[in-house]
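The block underneath contains the structure these notes are about, expressed in structure tokens.
2 protein chains.
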Amino acid sequence: MNNKISKAVISRLPRYYRYLKELIDQGVERISSEELSRLMKATASQIRQDLNHFGGFGQQGYGYNVKSLYKEIGKILGVEEDHHIIVLGAGNLGRALVKYNGFSEHGFIFCSLFDVDETLCGKSVNGVRIRTISEAEEYVKTHNIDIAALTIPVEKAREMSVLLYQAGIRYFWNFTNIDLQLPEDAIVKDVHLLDSLLELSYRICNEK
Amino acid sequence: MNNKISKAVISRLPRYYRYLKELIDQGVERISSEELSRLMKATASQIRQDLNHFGGFGQQGYGYNVKSLYKEIGKILGVEEDHHIIVLGAGNLGRALVKYNGFSEHGFIFCSLFDVDETLCGKSVNGVRIRTISEAEEYVKTHNIDIAALTIPVEKAREMSVLLYQAGIRYFWNFTNIDLQLPEDAIVKDVHLLDSLLELSYRICNEK
Chain A
7 MNNKISKAVI SRLPRYYRYL KELIDQGVER ISSEELSRLM KATASQIRQD LNHFGGFGQQ
67 GYGYNVKSLY KEIGKILGVE EDHHIIVLGA GNLGRALVKY NGFSEHGFIF CSLFDVDETL
127 CGKSVNGVRI RTISEAEEYV KTHNIDIAAL TIPVEKAREM SVLLYQAGIR YFWNFTNIDL
187 QLPEDAIVKD VHLLDSLLEL SYRICNEK
Chain B
7 MNNKISKAVI SRLPRYYRYL KELIDQGVER ISSEELSRLM KATASQIRQD LNHFGGFGQQ
67 GYGYNVKSLY KEIGKILGVE EDHHIIVLGA GNLGRALVKY NGFSEHGFIF CSLFDVDETL
127 CGKSVNGVRI RTISEAEEYV KTHNIDIAAL TIPVEKAREM SVLLYQAGIR YFWNFTNIDL
187 QLPEDAIVKD VHLLDSLLEL SYRICNEK
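Chains as they are written, first to last, in this note's numbering: chain A, 7 to 214; chain B, 7 to 214.
Right, dumping it as structure tokens:
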């Protein structure tokens, strides 16, 4: 059933998940689609439609039970399973990702960092070992890795993404400044930091 | 004129900018809309339409001059002007942003970091001074700051974004796990890292 859910709905689920988490933290136990719509700046009918995809947790006159909706959406998003990540690039960004503890509570486990700098080899960041980048392919083949996060320079990113794909990786978290060129069954989530800054600078220059 | 350009076109400009930079690095001097469309996986007519918004740099039978198109799009995106950024949060992510030198070449200048931890006060990261977060409001009022990057915990982010807005900041680069609640003239670019990971984990769980 879940396979038929549109990409648009899927891309909205993490946002529901975030808002529900905040409501839990605030001690809110139940919420109507109308209240949720005001909070999330979406229409109540959109919210009802989206959440109906998953069997509909809402009850007329009661609204949604925040905790169970949070748990159900989490389950759909896969947070109850572990996901293993390797990070290519042990620079500032790669290290920051591995040091951030907010991912592990949702099942994301950093297994290894890889870097071109061989002097880093054997060191650890937040308990995660750094290996040389030439070991990445073999590591992926011999470990159960789901996601490769790329925080390496552009020249290396193109080559390494193809190598990792050939070694079996299908899910990429791409922080490099390029679009990866991979076969269609590779799923890439881009975090193009410079793009978002450039959109801001455009707005700054054209709204002053 | 630029004010009439649709948001969709604007959001595509940084991507053109990236591809053109890569072409320059590869020594490519000119490119047709057809070649660019194959590379960027967009239709040639979309590319021609998008670039026509800016006076149209292409010449029939010649294509686009890569360097001058790059320079023009950069100018439109505002990279020839300096943009001043403060970073709230001198943790791993805040430090990584300030240490990355790839932003400065496009005119983005980090002016100060701010943190709740007073023991960090007076220290520097990549030449950028850390101040206590209680100084942020006054700093914004007395310096020419365009953008506030938020890498602070959720509890603090809501309060600080409102304070900074009141102090005059209109452009926010939001790395926190919440949507900011600000008046409509605030421009927020979100980098919700957990959202993108959750989309990946959904795909992993539902495609296996």
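From the three backbone atoms N, C-alpha and C, an ideal C-beta is built for every residue, glycine too.
No experiment lies behind these values; they were computed from the predicted model shown.
Neighbourhood of residue i by C-beta distance below 7 Å, restricted to the same chain and skipping five residues each side
{"i": "aspartate 31 of chain A", "result": "none"}
{"i": "valine 15 of chain A", "result": "Asp56, His59"}
For residue i, three-class secondary structure by DSSP
{"i": "asparagine 58 of chain A", "result": "helix"}
{"i": "leucine 94 of chain A", "result": "strand"}
{"i": "aspartate 152 of chain B", "result": "coil"}
{"i": "tyrosine 68 of chain A", "result": "coil"}
{"i": "lysine 47 of chain B", "result": "coil"}
{"i": "leucine 119 of chain A", "result": "strand"}
{"i": "threonine 157 of chain A", "result": "coil"}
{"i": "lysine 129 of chain A", "result": "coil"}
{"i": "isoleucine 184 of chain B", "result": "coil"}
{"i": "tyrosine 25 of chain A", "result": "helix"}
{"i": "tyrosine 106 of chain A", "result": "coil"}
{"i": "histidine 198 of chain A", "result": "coil"}
{"i": "isoleucine 136 of chain B", "result": "strand"}
{"i": "isoleucine 218 of chain B", "result": "No information on residue 218 of chain B is available, as it lies outside the stretch 7 to 214 that chain B covers here."}
{"i": "isoleucine 193 of chain B", "result": "strand"}
Residue i vs residue j beta-carbon contact at 9 Å
{"i": "alanine 192 of chain A", "j": "isoleucine 210 of chain A", "result": "no"}
{"i": "leucine 156 of chain A", "j": "serine 167 of chain A", "result": "yes"}
{"i": "leucine 45 of chain B", "j": "tyrosine 23 of chain B", "result": "no"}
{"i": "leucine 57 of chain A", "j": "serine 207 of chain B", "result": "no"}
{"i": "tyrosine 106 of chain B", "j": "asparagine 98 of chain A", "result": "yes"}
{"i": "phenylalanine 116 of chain B", "j": "asparagine 132 of chain B", "result": "yes"}
{"i": "alanine 102 of chain A", "j": "alanine 102 of chain B", "result": "yes"}
{"i": "serine 39 of chain A", "j": "arginine 21 of chain A", "result": "no"}
{"i": "leucine 199 of chain B", "j": "valine 197 of chain A", "result": "yes"}
{"i": "tyrosine 68 of chain A", "j": "lysine 27 of chain A", "result": "no"}
CA nearest to the CA of residue i, picked from the options
{"i": "leucine 203 of chain B", "options": "A:Leu188, A:Asn183, A:Ile153, A:Glu165", "result": "A:Ile153"}
{"i": "glutamine 52 of chain B", "options": "B:Lys27, B:Leu19, B:Arg24, B:Val72", "result": "B:Leu19"}
{"i": "glutamate 124 of chain B", "options": "B:Lys105, B:Asn132, B:Ala96, B:Gly133", "result": "B:Ala96"}
{"i": "proline 159 of chain A", "options": "A:Ile91, A:Ile184, A:Lys147, A:Thr138", "result": "A:Ile184"}
{"i": "arginine 36 of chain B", "options": "B:Ser74, B:Glu111, B:Tyr177, B:Arg137", "result": "B:Ser74"}
{"i": "serine 118 of chain A", "options": "A:Asn107, A:Gly100, A:His112, A:Gly108", "result": "A:Gly100"}
{"i": "threonine 148 of chain A", "options": "A:Arg164, A:His90, A:Leu199, A:Glu190", "result": "A:His90"}
{"i": "histidine 112 of chain B", "options": "A:Asn212, A:Ala48, A:Glu205", "result": "A:Glu205"}
{"i": "valine 34 of chain A", "options": "A:Phe114, A:Val72, A:Arg54, A:Ile16", "result": "A:Val72"}
{"i": "valine 122 of chain B", "options": "B:Ile11, B:Glu41, B:Glu161, B:Glu87", "result": "B:Glu161"}
{"i": "glutamate 190 of chain A", "options": "B:Ile11, B:Leu29, B:Asp88, B:Lys47", "result": "B:Lys47"}
{"i": "isoleucine 151 of chain B", "options": "B:Phe114, B:Leu42, B:Glu41, B:Thr49", "result": "B:Phe114"}
{"i": "arginine 164 of chain B", "options": "B:Leu186, B:Phe181, B:Asn180", "result": "B:Leu186"}
Same chain only: Cβ atoms within 8 Å of residue i, ignoring 5 sequence neighbours per side
{"i": "asparagine 9 of chain A", "result": "With a pLDDT of 49 at asparagine 9 of chain A, under the threshold of 50, the predicted position of this residue should be treated as unreliable, though the coordinate-derived value follows. Around asparagine 9 of chain A: no qualifying Cβ."}
{"i": "leucine 188 of chain B", "result": "Ser167, Val168, Tyr171, Phe178, Val194"}
{"i": "phenylalanine 120 of chain A", "result": "Ile92, Val93, Leu94, Gly95, Ala96, Ile136, Arg137, Thr138, Ile139, Glu141, Ala142, Tyr145"}
{"i": "serine 130 of chain B", "result": "Ile136"}
{"i": "threonine 49 of chain A", "result": "Ser43"}
Contacts around residue i, its chain only, beta-carbon distance under 6 Å, and the 5 residues preceding and following it disregarded
{"i": "leucine 42 of chain B", "result": "Ile53"}
Whole-Å CB distance - residue i paired with residue j, under 8 Å assumed
{"i": "glycine 80 of chain B", "j": "glutamate 86 of chain B", "result": "7 Å"}
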